[in-house]
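One structure is given below, encoded as structure tokens.
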Amino acid sequence: MGGFNTLIGDAAAWAADSLHAAPWERDAIRAAWRQTVDQLETTSFDWIPAITLREFRVPVDTPARGVRGDTLAGWCALDSRLWDQALAPATRQLARLAAGAPDLIPAVAIDLDAAGVGTDSYAFCDPAWRAGLAGLPGDTALGTERRERLRTLPVEQRYDTLLDAGLLDAYYGALERAVARRAAELRGQARRLDPELAFALRTTRFPSDWWALGLTTGLAEPGSAVVLLTAASAVRLPLARLSAHGAPAVHALELVPERLPAAAWSRLGRIVFAAHSGFWIPAAGGTPGRSRTAEGPLSPDSLARLIRRLGK
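In this text, residue positions in the sequence shown follow the numbering used here: the first is 16, and each later residue adds one.
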């Protein structure tokens, strides 16, 4: 970000856990981590290893269901296995890695794109339903008998029932709080291994749904802002709302060289550093031989010159 020298990428953390990977896979990924650390220690680069949710194998008996009850090939966001058998082990593995290289690894990232969880389509599977109902405010017009009827409601009737009762927003709020609690547990486990570890979230859109907002809120705490890596340009008000809810965050804006004419880079600096805390370039845009602007291919030196224009 600000130093132009941080690498963020998938660390294949799932492969380091005995529950998900064969012994040879665990040995291979740990050797790759050691090699990465050894090589980066001779440079001025930092490394933020990322957890990519889509790489975790979805259980064959996943409870994920769509609004109409259809089976979905993804995780239910509040399935305990997602947190206890996937996210928590991966986070601990990377926290241990960071603790062994504190000057090199300042943070761990979670890539939310293509995660297969978090959208409204996944909000009504059984684990989410139980958590959402349990988290509804006590002042809602739900007596004990009605709550019990809701608990046994078929999946395909849940959305419409909450909508008709005017409880949909309260339900999504309860899901957000449930996700935030689980995310805070992740943060606590990681900080016990590396007290200085920070967190980043990569997502195309600025966090706005109950899943992404819950993760942001749970991973943040006063004095330790979450770094949000998104393509959103208007972030001042959303960042203020997060801060007001006790979730301090800073934002890095995605820049895609192939979408930008070379002449635009000198003007972008005012936007990037006035409204944002930095920028990031996706892998293809910064890969030697694949970099290009709207006018055509770029050499690595040419891309570096464009980046330097941002600071002028």
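We put the beta carbon where it would ideally sit given N, CA and C, even for glycine.
- Here residue 77 carries a coil assignment [DSSP, helix/strand/coil].
- With a threshold of 16 other beta carbon atoms within 10 Å, residue 75 falls short and is exposed.
- In this chain, the beta strand (DSSP E) harbouring residue 295 covers 293 to 295.
- By the C-beta density criterion, residue 181 is exposed, having fewer than 16 other C-beta atoms within 10 angstroms.
- Under the three-pair Cβ rule at 8 angstroms, the segment 198 to 213 counts as touching the segment 105 to 119.
- For residue 66, the pairing in a beta bridge is given by DSSP as 125.
- Looking at the backbone, the Cα of residue 166 and that of residue 148 are separated by about 8 angstroms.
- In the displayed model, residue 217 falls within a strand according to three-state DSSP.
- Here residue 23 is bridged, per DSSP, to 63.
- Contact between residue 146 and residue 93 is confirmed by a C-beta separation of about 5 angstroms, below the 8 angstroms threshold.
- Cα atoms of residue 199 and residue 59: separation of roughly 31 angstroms, rounded to the nearest angstrom.
- According to DSSP, residue pairing for residue 86 in a beta bridge involves 80.
- Residue 37 carries a coil assignment under DSSP once its states are collapsed to helix, strand and coil.
- Remark: C-beta atoms of residue 174 and residue 79 do not approach each other more closely than 8 angstroms.
- Under the three-state reduction of DSSP, residue 245 is assigned to strand.
- Going by beta carbons, residue 217 and residue 126 fall inside the 8 angstroms limit.
- When Cβ pairs closer than 8 angstroms are counted between the two stretches, the segment 62 to 74 is seen not to touch the segment 219 to 227, the count staying below three.
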